[in-house]
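Student:
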Amino acid sequence: MPRAMTDAFIRVIQLLALLGVVFLVGCTPKPPSKLGAPIEGWNHTGAAINWFMVNRNGGSNFGPYMGGRSQTCCVLLPVKWQ
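The structure is reproduced here in structure tokens:
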């Protein structure tokens, strides 16, 4: 194979590799606008709490003066706080 053809072939391969990288970089996912965080409830009263909600996301029930032993998933929080 003549040297000119070998150089041209190498250039074509390099160009295709560069284009492949450019296309793959364009496929990166959009960063999330919200992140999930666990919530933990505490009951400081003498009565049972059947359920609770934070930002329309609920948690489990608690007996009197209970809580903090487990976390309930999830509350959505914005990535950038106001």
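In case it helps, the numbering used here puts the sequence shown at residues 4 to 85. For each residue, glycine too, the CB sits at the ideal point set by N, CA and C.
(1) For G49, count the other beta carbons within 10 Å of its own beta carbon; 16 or more makes it buried, fewer makes it exposed. Which is it?
(2) Does the contact criterion of 3 or more C-beta pairs under 8 Å hold for the region 4–13 versus the region 24–37?
(3) How many whole angstroms separate the CB atoms of N58 and I52, which I take to be in contact at a CB cut-off of 8 Å?
(4) Please list the segments of the beta strand (DSSP E) lying wholly inside the region 8–55, counting only runs of 3 or more residues, in order along the chain.
(5) To the nearest angstrom, report how far apart V82 and Q74 are at their CA atoms.
(6) When the Cα atoms are used, what is the spatial distance from N17 to V24?
(7) I think C76 touches P41, with their Cβ atoms under 8 Å apart; what is that distance to the nearest whole Å?
Tutor: According to the data block:
(1) For the purposes of this step, residue 49 is identified with residue 46 of the sequence shown, where counting begins at 1. When all chains shown are included, G49 counts as exposed.
(2) Taking a cut-off of 8 Å on C-beta distances, the region 4–13 does not touch the region 24–37, as fewer than three cross pairs fall below it.
(3) Taking the first residue of the sequence shown as 1, we reach residue 58 at position 55. Taking the first residue of the sequence shown as 1, we reach residue 52 at position 49. About 17 Å separates the beta carbon of N58 from that of I52, a gap too long to meet the 8 Å contact definition.
(4) You should have 37–42.
(5) Locating residue 82 in the sequence shown gives position 79, where the first residue counts as 1. Locating residue 74 in the sequence shown gives position 71, where the first residue counts as 1. Whole-angstrom Cα-Cα distance: 20 Å.
(6) Translated into the one-based positions of the sequence shown, residue 17 becomes position 14. Translated into the one-based positions of the sequence shown, residue 24 becomes position 21. Position check: residue 17 holds Gln in this sequence, whereas Asn was assumed. So the two alpha carbons sit approximately 11 Å from each other.
(7) Against the sequence shown, residue 76 aligns to sequence position 73. Against the sequence shown, residue 41 aligns to sequence position 38. Your pair C76 and P41 checks out as a contact, with CB atoms roughly 5 Å apart and the cut at 8 Å.
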